[in-house]
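If you read the protein sequences in the order shown, they are chains W and D. Reading the first sequence from the start, the letters are residues 0 to 495 in numbering that gives the first Met the number 0. Reading the second sequence from the start, the letters are residues 0 to 495 in numbering that gives the first Met the number 0. Below: one structure, written as structure tokens.
2 protein chains.
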Amino acid sequence: MADQGITPRSEDYSRWYLDVIAAAELIDSSPVRGSMVLRPHGYAIWEAIRADLDRRFKETGHVNAYFPLFIPQSFLSREAEHVEGFAKECAVVTHHRLRAAEGGGVEPDPAARLEEPLVVRPTSETIIWHMYGRWINSHRDLPLLINQWANVVRWEMRTRPFLRTAEFLWQEGHTAHATRAEAEEEARRMLGVYRDFCVETLAIPVLPGVKSASERFAGAEDTYTIEAMMQNGWALQAGTSHFLGQNFARAFDVTFQNEQGEREYVWATSWGVSTRLVGAAIMTHSDDTGLVLPPRVAPIHVVLVPIWRGASQKAQVLDFARRVGAALSRRFSVEIDDRDNMKPGAKYFEWERKGVPLRMEIGPRDVAKNSVFCKRRTGGDKFAIEVGDLGEAFLDAVGRELDRIQAELLARATALREARTFRVEDYAEMKARISEEPGFYLVPWHDDAEAEAAIKAETRATIRCFPLAGQEEARGRRCFYSGRPATHMAVFARAY
Amino acid sequence: MADQGITPRSEDYSRWYLDVIAAAELIDSSPVRGSMVLRPHGYAIWEAIRADLDRRFKETGHVNAYFPLFIPQSFLSREAEHVEGFAKECAVVTHHRLRAAEGGGVEPDPAARLEEPLVVRPTSETIIWHMYGRWINSHRDLPLLINQWANVVRWEMRTRPFLRTAEFLWQEGHTAHATRAEAEEEARRMLGVYRDFCVETLAIPVLPGVKSASERFAGAEDTYTIEAMMQNGWALQAGTSHFLGQNFARAFDVTFQNEQGEREYVWATSWGVSTRLVGAAIMTHSDDTGLVLPPRVAPIHVVLVPIWRGASQKAQVLDFARRVGAALSRRFSVEIDDRDNMKPGAKYFEWERKGVPLRMEIGPRDVAKNSVFCKRRTGGDKFAIEVGDLGEAFLDAVGRELDRIQAELLARATALREARTFRVEDYAEMKARISEEPGFYLVPWHDDAEAEAAIKAETRATIRCFPLAGQEEARGRRCFYSGRPATHMAVFARAY
Chain W
0 MADQGITPRS EDYSRWYLDV IAAAELIDSS PVRGSMVLRP HGYAIWEAIR ADLDRRFKET
60 GHVNAYFPLF IPQSFLSREA EHVEGFAKEC AVVTHHRLRA AEGGGVEPDP AARLEEPLVV
120 RPTSETIIWH MYGRWINSHR DLPLLINQWA NVVRWEMRTR PFLRTAEFLW QEGHTAHATR
180 AEAEEEARRM LGVYRDFCVE TLAIPVLPGV KSASERFAGA EDTYTIEAMM QNGWALQAGT
240 SHFLGQNFAR AFDVTFQNEQ GEREYVWATS WGVSTRLVGA AIMTHSDDTG LVLPPRVAPI
300 HVVLVPIWRG ASQKAQVLDF ARRVGAALSR RFSVEIDDRD NMKPGAKYFE WERKGVPLRM
360 EIGPRDVAKN SVFCKRRTGG DKFAIEVGDL GEAFLDAVGR ELDRIQAELL ARATALREAR
420 TFRVEDYAEM KARISEEPGF YLVPWHDDAE AEAAIKAETR ATIRCFPLAG QEEARGRRCF
480 YSGRPATHMA VFARAY
Chain D
0 MADQGITPRS EDYSRWYLDV IAAAELIDSS PVRGSMVLRP HGYAIWEAIR ADLDRRFKET
60 GHVNAYFPLF IPQSFLSREA EHVEGFAKEC AVVTHHRLRA AEGGGVEPDP AARLEEPLVV
120 RPTSETIIWH MYGRWINSHR DLPLLINQWA NVVRWEMRTR PFLRTAEFLW QEGHTAHATR
180 AEAEEEARRM LGVYRDFCVE TLAIPVLPGV KSASERFAGA EDTYTIEAMM QNGWALQAGT
240 SHFLGQNFAR AFDVTFQNEQ GEREYVWATS WGVSTRLVGA AIMTHSDDTG LVLPPRVAPI
300 HVVLVPIWRG ASQKAQVLDF ARRVGAALSR RFSVEIDDRD NMKPGAKYFE WERKGVPLRM
360 EIGPRDVAKN SVFCKRRTGG DKFAIEVGDL GEAFLDAVGR ELDRIQAELL ARATALREAR
420 TFRVEDYAEM KARISEEPGF YLVPWHDDAE AEAAIKAETR ATIRCFPLAG QEEARGRRCF
480 YSGRPATHMA VFARAY
């Protein structure tokens with residue numbers, strides 16, 4: 000693809016997002032409507048996210064497994080609410096063979112029509128709970144704490160890279176418990192894992208909360224969520240964790256014998272995050288120059304740009320750069336950009352657009368001084384780091400710079416969220432402001448699905464969550480919309 | 000599932016394989032014909048395989064990416080031979096929505112029929128080469144060295160866990176090169192990566208070779224293979240690497256401008272291994288007691304079984320076991336089996352069936368002696384290891400035992416393969432022996448697809464490969480079947 004400029008955020012935020020992604024070569028459209036190709040630089044961000052989350056899941060006692068891509072059509076109608084929520088825009092497999100078509104090409108073979116169509120999983124509760132019915136018999140089989148890394152498909156007409164695509168990659172945890180209390184605790188624990196991951200690794204200060212009934216997952220009793228704020232003040236749901244009660248256990252008849260010898264239905268949770276997190280990280284941190292990534296998920300931590308004139312300088316500078324690169328690669332992911340026929344400035348420009356957190360320039364003077372000249376992707380003056388004997392002290396110094404970038408990104412995103420969190424008492428005020436000043440509107444609220452729908456129709460804002468913290472503030476206050484006694488503190492926002 | 004015995008190999012090898020898998024809880028059938036559930040203990044083996052291979056791919060310069068699950072139907076007929084090989088038994092998506100059916104349930108919505116059906120990828124050459132057409136323009140874009148970890152679907156009527164299922168997990172490498180020589184070198188390099196992985200990690204002494212024309216991948220000019228021998232003397236194709244020539248580049252019109260400014264078609268390779276490798280490892284190493292796994296892919300390296308009588312022994316023994324477990328887990332994957340109400344013997348039996356390489360028994364006398372009493376899954380007398388101060392010396396001693404098990408498994412498998420490799424000069428001899436003595440029959444061969452088909456019809460044996468090593472032996476010899484001058488040394492075997 001031809002090189003292209005990046006539209007400034009202030010001019011067109013949506014266009015800016017697409018430009019950042021294209022310039023960094025993260026994703027490409029495909030000939031299949033709604034399906035995207037994750038290019039190597041984009042997939043590597045997902046790999047880093049996956050590795051970090053997988054470690055956190057295992058540390059909290061979960062194991063991975065893999066369930067079938069296809070789900071019998073009839074399964075989707077077993078859980079009443081679930082069918083409403085999911086049995087609609089699905090990819091449906093109806094044939095298992097192609098045949099040569101008259102006039103060339105191939106076509107589905109009518110003789111190979113499936114007796115029962117198969118649905119490409121939009122989520123795996125149904126097939127997993129069918130299997131749990133075989134594996135769970137006694138209280139000794141519980142809890143069952145399984146996670147799956149997989150692709151899922153939800154037919155989407157309007158897509159946006161990473162945020163909404165027909166096929167996407169995700170993880171889905173599905174756990175089974177002997178008691179309601181344990182399942183509820185699990186759903187909240189995993190929300191905490193997601194929150195910690197977002198804050199510590201993606202540098203996104205997400206807001207944890209509970210969904211209102213109308214935003215709940217189909218089949219859940221409670222849906223917990225973490226909500227991120229993008230730079231334009233819109234909300235992005237970054238992950239959800241559901242307490243499913245006994246709904247799926249009843250639908251798939253999954254019972255266990257408790258310690259008293261009685262049979263009971265099993266309690267369930269499910270929780271998931273997806274490649275959408277890559278989009279959240281891009282939108283939270285990038286700037287008008289291009290991609291900015293938190294070092295902990297950056298595919299390349301450091302790029303070395305050797306600078307020389309003439310063959311003898313080249314040999315000397317490249318030799319030094321390679322020794323520095325070899326040392327750094329003991330701890331970091333490093334790229335040495337030794338391309339000929341390209342000016343240093345053009346290289347800087349390219350690596351900035353690709354979101355590499357730290358750049359090191361290495362010219363003859365740097366070699367003479369035994370140091371590297373550094374620039375942080377997040378800005379600030381250039382500065383030198385002594386390489387010394389290329390030992391731990393040098394690596395520690397580089398590590399501190401990366402930690403500093405990581406902390407800087409979190410601080411900026413937190414400051415933005417605070418500046419864009421508005422406490423209003425009065426619906427008229429939100430309605431007047433939200434178009435010009437999108438953000439999190441924290442309001443006292445009397446829970447009411449009809450009022451929620453009316454507000455959405457008028458302002459395009461939805462309840463993102465009832466924040467876990469600060470609910471006591473609702474006590475004694477009046478709903479900002481109806482004036483009735485407040486039942487919750489709610490955050491309204493426009494959302495992706 | 001109820002506990003069940005394991006059929007001895009000598010009685011029914013196929014049944015034995017299924018019993019080993021069931022007893023170790025590796026896999027379960029699913030309500031979707033031909034699709035299996037990889038249970039946590041089975042999936043963990045694949046995770047270990049994946050992590051090891053991924054490291055090897057990255058060390059050889061490859062990057063990961065992700066391409067769509069769905070392929071437009073028309074793509075499959077673009078490459079003439081490919082359509083013959085793959086456009087048959089595929090899952091075909093024809094609708095993108097379900098609707099409520101009369102009388103309950105759901106059904107494909109006739110209003111949501113796709114204009115062009117989509118095929119669930121049986122392999123991704125076609126969609127990837129379509130994308131390469133967008134990304135490759137100049138010789139500077141080459142080589143392009145991309146790998147994908149994904150699920151694929153090939154509709155199979157007769158399935159066998161891990162070895163042949165409708166949906167399976169695999170990796171597929173797809174590379175693009177400026178010259179034939181480079182692409183051929185890549186295809187052979189990746190075969191080498193697979194061979195090294197099988198030998199070093201799975202302890203399977205695979206035989207590398209080239210496929211005959213009739214066993215070649217649809218669309219390839221050369222298919223390289225690694226062939227493993229199972230304990231019953233049957234062959235199992237463990238991985239393949241294809242030199243694709245310019246076939247896909249022509250089909251998808253992918254050209255590049257060379258250094259002289261001329262446009263040329265790109266040269267291609269593809270290579271893949273799948274969850275079939277898990278089956279290969281199981282069949283190669285397991286015994287009549289159950290699963291045996293090479294330590295390098297065992298989900299659990301060491302199981303600690305504390306043994307006590309009464310509360311005071313219990314406290315003492317468990318405390319010791321936990322300290323030993325914590326020390327070991329700095330380097331190994333460890334399980335402490337502290338279940339009450341279960342005798343040590345029953346625990347041993349269970350962990351043996353699950354293929355844990357090393358068991359440590361810890362009773363009061365072991366605590367007193369500051370040692371653990373060990374048993375290798377591969378047999379031999381029990382022996383003590385001093386735990387000392389639980390430092391590096393102890394971990395090194397345990398590491399040596401695991402290495403010894405790893406080496407023992409490779410040596411056994413190599414000895415079996417050597418004992419079962421038969422050099423015959425005469426077809427009548429192979430025909431008479433192969434039913435009673437399945438194995439690798441190494442023969443001088445005059446390449447001829449019709450003769451190959453005739454032999455397959457009479458003996459069910461196929462040419463597994465022309466081994467890379469020892470082809471010079473064919474010189475001056477006569478084909479064991481036709482008496483014509485030998486063109487190759489060929490290995491015939493019955494195969495999974």
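Even for Gly, the Cβ is constructed at its ideal location relative to N, Cα and C. Nothing here was measured: the structure is a model prediction, and the numbers come from that model.
Paired residues, beta bridge with residue i - DSSP
i, result
"Gln147 of chain W", "W:Glu171"
"Cys464 of chain D", "D:Val490"
"Gly102 of chain D", "DSSP lists no partner for Gly102 of chain D."
"Trp270 of chain W", "W:Gly172, W:Ser240"
"Pro518 of chain D", "The first residue shown for chain D is 0 and the last is 495, placing residue 518 of chain D beyond what the model contains."
"Trp444 of chain W", "W:His487"
"Asp221 of chain W", "W:Phe242"
"Pro107 of chain W", "W:Leu97"
"Val209 of chain W", "W:Tyr223, W:Phe465"
"Gly232 of chain W", "Paired residue(s): none; Gly232 of chain W is not in a bridge."
"Met35 of chain D", "D:Ser28"
Residue i versus residue j - alpha carbon distance
i, j, result
"Phe319 of chain D", "Val366 of chain D", "7 angstroms"
"Phe161 of chain W", "Met282 of chain W", "11 angstroms"
"Val490 of chain D", "Pro121 of chain D", "28 angstroms"
"Ala111 of chain W", "Ala110 of chain D", "22 angstroms"
"His176 of chain W", "Asp51 of chain W", "25 angstroms"
"Ala47 of chain D", "Gly41 of chain D", "10 angstroms"
"Asn146 of chain D", "Gly172 of chain D", "4 angstroms"
"Thr268 of chain D", "Ala418 of chain W", "53 angstroms"
"Thr125 of chain W", "Trp266 of chain W", "14 angstroms"
"Pro207 of chain W", "Cys464 of chain W", "8 angstroms"
"Gln170 of chain W", "Lys368 of chain W", "49 angstroms"
"Thr274 of chain D", "Leu409 of chain D", "20 angstroms"
"Pro67 of chain W", "Arg133 of chain W", "15 angstroms"
"Met0 of chain W", "Glu10 of chain W", "Because the pLDDT at Met0 of chain W is just 40, under 50, the model does not fix this residue reliably, and the point stays unresolved."
Interface flag, residue i vs chain W, CB-CB below 8 angstroms
i, result
"Ala212 of chain D", "no"
"Thr93 of chain D", "yes"
"Pro305 of chain D", "no"
"Gly104 of chain D", "yes"
"Trp169 of chain D", "no"
"Asp27 of chain D", "yes"
"Cys89 of chain D", "yes"
"Val302 of chain D", "no"
"Pro160 of chain D", "no"
"Glu48 of chain D", "This sequence places Ile at residue 48 of chain D; Glu is not what is there. Chain W contact via Cβ: absent."
CB contact check: residue i to chain D, cutoff 8 angstroms
i, result
"Thr130 of chain W", "Before going on, a small fix: residue 130 of chain W reads as Met here, not Thr. Judged by the 8 angstroms Cβ criterion, Met130 of chain W is in contact with chain D."
"Pro67 of chain W", "yes"
"Ala1 of chain W", "Because Ala1 of chain W sits at a pLDDT of 41, beneath the cut-off of 50, its placement in the model cannot be relied upon, and the point is left open."
"Pro107 of chain W", "yes"
"Ala64 of chain W", "yes"
### Message
What ranges does the alpha helix (DSSP H) occupy inside the segment 342-397 of chain D, keeping only unbroken runs of at least 4 residues that lie completely in it?
### Response
Qualifying alpha helix (DSSP H) stretches, in chain order: 343-352, 363-368.
### Query
Is the number of C-beta pairs between the segment 286-305 of chain D and the segment 352-364 of chain D that are closer than 8 angstroms three or more?
With the cut-off at 8 angstroms, the segment 286-305 of chain D and the segment 352-364 of chain D touch.
### Given 8 angstroms, three or more beta-carbon pairs between the segment 385-397 of chain D and the segment 326-339 of chain D
Touching, yes.
### Message
Any contact between the segment 133-145 of chain W and the segment 248-266 of chain W? By contact I mean 3 or more CB pairs, one from each, below 8 angstroms.
### Response
yes
#### Entry: Any 3 or more C-beta pairs closer than 8 angstroms across the segment 286-294 of chain W and the segment 335-343 of chain W
no
### Task
Tell me the start and end of each unbroken alpha helix (DSSP H) in the segment 303-330 of chain D that is at least 4 residues and wholly inside, in chain order.
Here the runs fully enclosed are 309-327.
### Query
Three or more C-beta pairs closer than 8 angstroms, one from the segment 471-485 of chain W and one from the segment 225-234 of chain W: is that the case here?
As far as the Cβ criterion goes, the segment 471-485 of chain W does not touch the segment 225-234 of chain W, which means the pair count is below three.
### Message
Could you check whether the segment 234-253 of chain D touches the segment 270-279 of chain D, counting it as contact only if at least three pairs of C-beta atoms, one from each stretch, sit closer than 8 angstroms?
### Response
yes
### Query
Are there three or more Cβ pairs, one per stretch, closer than 8 angstroms when the segment 87-96 of chain W is compared with the segment 88-107 of chain D?
yes
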